[in-house]
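Right, one structure below, let's go through it.
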Amino acid sequence: MVLEAYTYVFAIGSCFALLEAYNNGANDVANAWATSVSSRSVTYRGAMVLCCIFELLGALTVGARTASTIKNGIIPMESFRDNAGVQLLAFACASAGASIWVMWCTKHNAHVSSTYSLISSLAGVGIATVGASKVEWGWNGGQGLGAIFAGLGMAPAIAGCFGAIIFSLVKWVVHVRKNPVPWAVWTSPFFFLIAGTICTLSIVYKGSPRLGLTEKPAWYIASVTLGVGFGLFVLSAIFFVPFVHAVVIKKDYTLRWWDAVQGPLLFKRPSPPDAENARVPNYAVLQHGAEDDDVSVSQESEDPSPKKISDDEITPAAAPSSEVNEKQHLNLSESTQEDYQKMLKKAEDKHHANLRKGKGPLGWAMRTLHANPIGAGSIHETHNLIAVVKRIPAQIVVAL
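96 is the number that UniProt numbering gives to position 96 of the sequence shown; each next residue is one higher, with no gaps.
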């Protein structure tokens, strides 16, 4: 039966659902891609295309259980007593409350989770609609509020452990080697194996029921998961390793991404004659404002050098051929690093100053930390103890 009388409620709820999706892009999606974009591993346009693909793919393949939790894991379906109109209105109000709250937090630079905002909004709507006794406050088979917020507490610790394990693995396999670059290239298929296995396991074991995978035996799940993981391992060894070896180790700057289909033939590809020259783009990520741009423009107008090099331009620099040139090159590198650190410090100070101008919780926290620095002397001295007490609430806000 089509409930035409409640079409307007559905339309209004859909508008707030779109606002939630917008807020999700401004928070959760931005957090997921921030490291890749800021390190210049992926461009802004590339990140937008990839997030459109993988956000949709993730929602279709592994989003069913989350949707089921939101649908009837917090407010049981029977609590509405088969009143579809009240249920539709309740979920529309929950969507409106969550989207407005997340939008306010985004506006005021406060860190927020779209998922937990919606969960809390559903709990509030449940109290107002069917009463607090009907809301699933406990575990409820992993779908209640107790299980959800237990995950909120466990997630940082688990993520921290995984981050430490992965970084330690990279450190001891690659970084500590005398010549780490070849180690990074030759061991890369192993990381494809790990990523492919974990992603496949999340789809096969916790995927959408429409995929027909919920009733499969354990041996099927294990074989499919490991099969996909080792399949990626083999494909990366055939195509990815030769391509990266040619670009990074042989320094063949003439290759393009589509040349990866040549596979092992790239091992026999000769290097360019000037491959030993450094051809590295400037990946320095600094936050420049209008004042910095004006200063840079004025400095360029005063500089009599005939050629200017932009940040994105690839600059060839010949390798030093003598011991004297090598020492000069090292001195120049050290001075360049010092200048770069000064620029980073200046950009960081300017960023903190902009945060202190904010009117939200983050602005208050930054102003409090700036006004109460740790002074000279030991931490147990009176003035430092007072400063620490004043800084604790602000540090919690900044950490969140």
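We put the beta carbon where it would ideally sit given N, CA and C, even for glycine.
Residue 125 sits close to residue 90, with the two beta carbons spaced by under 8 Å. Assigned with DSSP and collapsed to three states, residue 372 falls in coil, not helix or strand. Around the CB of residue 161, fewer than 16 other CB atoms lie within 10 Å, so the residue is classed as exposed. Annotation: the continuous alpha helix (DSSP H) that includes residue 65 extends over 64-72. As summarised for the segment 42-120, the continuous alpha helix (DSSP H) elements at least 4 residues long and confined to that stretch are 44-62, 64-72, 84-107, given in chain order. For the pair of segments examined, the segment 186-193 was found to touch the segment 236-255: the number of CB pairs separated by less than 8 Å reaches three. Annotated three-state conformation of residue 179 is coil, per DSSP.
Residues of the same chain with a CB within less than 6 Å of the CB of residue 47, apart from the 5 flanking positions on each side, are 33, 37 in chain order. Between residue 249 and residue 176, the beta carbon gap of about 19 Å keeps them out of contact (Cβ cut-off 8 Å). Non-local beta-carbon contacts of residue 204 in its own chain, meaning distances under 7 Å to residues more than five positions away in sequence, involve 213, 221, 224, 225 in chain order.
When DSSP states are grouped into helix, strand and coil, residue 231 belongs to the helix group.
Counting only unbroken stretches of 3 or more residues, no beta strand (DSSP E) element lies wholly within the segment 212-273.
DSSP places residue 380 in the coil class of the three-state scheme, outside both helix and strand. Taken through DSSP and simplified to helix, strand or coil, residue 348 comes out as helix. According to the DSSP assignment, residue 172 belongs to no alpha helix (DSSP H), since it is labelled neither H nor E.
If you draw a straight line from the Cα of residue 43 to the Cα of residue 195, it comes to about 22 Å. In the assembly as shown, residue 242 is a buried residue. Its beta-carbon has 16 or more other beta-carbons within 10 Å. The beta carbon of residue 92 lies closer than 8 Å to those of 9, 10, 12, 13, 16 in the same chain, with the five residues before and after it left out. Residue 24 is not a Cβ neighbour of residue 358, given a cutoff of 8 Å.
If you ignore the 5 residues before and after residue 147, its C-beta comes within less than 6 Å of the C-beta of 139, all in its own chain and listed in chain order. Selection 355, 373, 266 evaluated against residue 245 yields 266 as nearest (Cα-Cα). Judged by beta-carbon spacing, residue 260 lies within the 8 Å limit of residue 240, meaning their Cβ atoms are closer than that value.
In its own chain, leaving out the 5 sequence neighbours on each side, no residue places its CB closer than 8 Å to the CB of residue 392. Comparing alpha carbon positions, the residue from 380, 58, 102 closest to residue 200 is 58.
Relative to the Cα of residue 74, the nearest Cα in the group 113, 102, 130 belongs to 130. Excluding five sequence positions before and after residue 366, the CB atoms of its chain that fall closer than 8 Å to its own CB belong to 352, 355, 356, 358, 394, 398, given in chain order. When only Cα atoms are considered, residue 150 and residue 182 end up about 43 Å apart. The C-alpha of residue 378 is placed about 25 Å away from the C-alpha of residue 349. In the structure shown, residue 33 adopts helical secondary structure according to DSSP, grouped into three states. Rounded to the nearest angstrom, the gap between the Cα atoms of residue 376 and residue 27 is 38 Å. Between residue 20 and residue 168 a beta carbon distance of about 38 Å is seen, past the 8 Å cut, so the two are scored as non-contacting. Around the CB of residue 119, 16 or more other CB atoms lie within 10 Å, so the residue is classed as buried.
Listed in chain order, the non-local C-beta contacts of residue 122 below 6 Å within the same chain comprise 74, 94, local neighbours out to five positions each way being set aside. For residue 188, the enclosing alpha helix (DSSP H) has its first and last residue at 188-206.
Secondary structure of residue 144 (DSSP, three-state): coil. About 6 Å separates the beta carbons of residue 116 and residue 152, which is inside the 8 Å limit, making them a contact pair.
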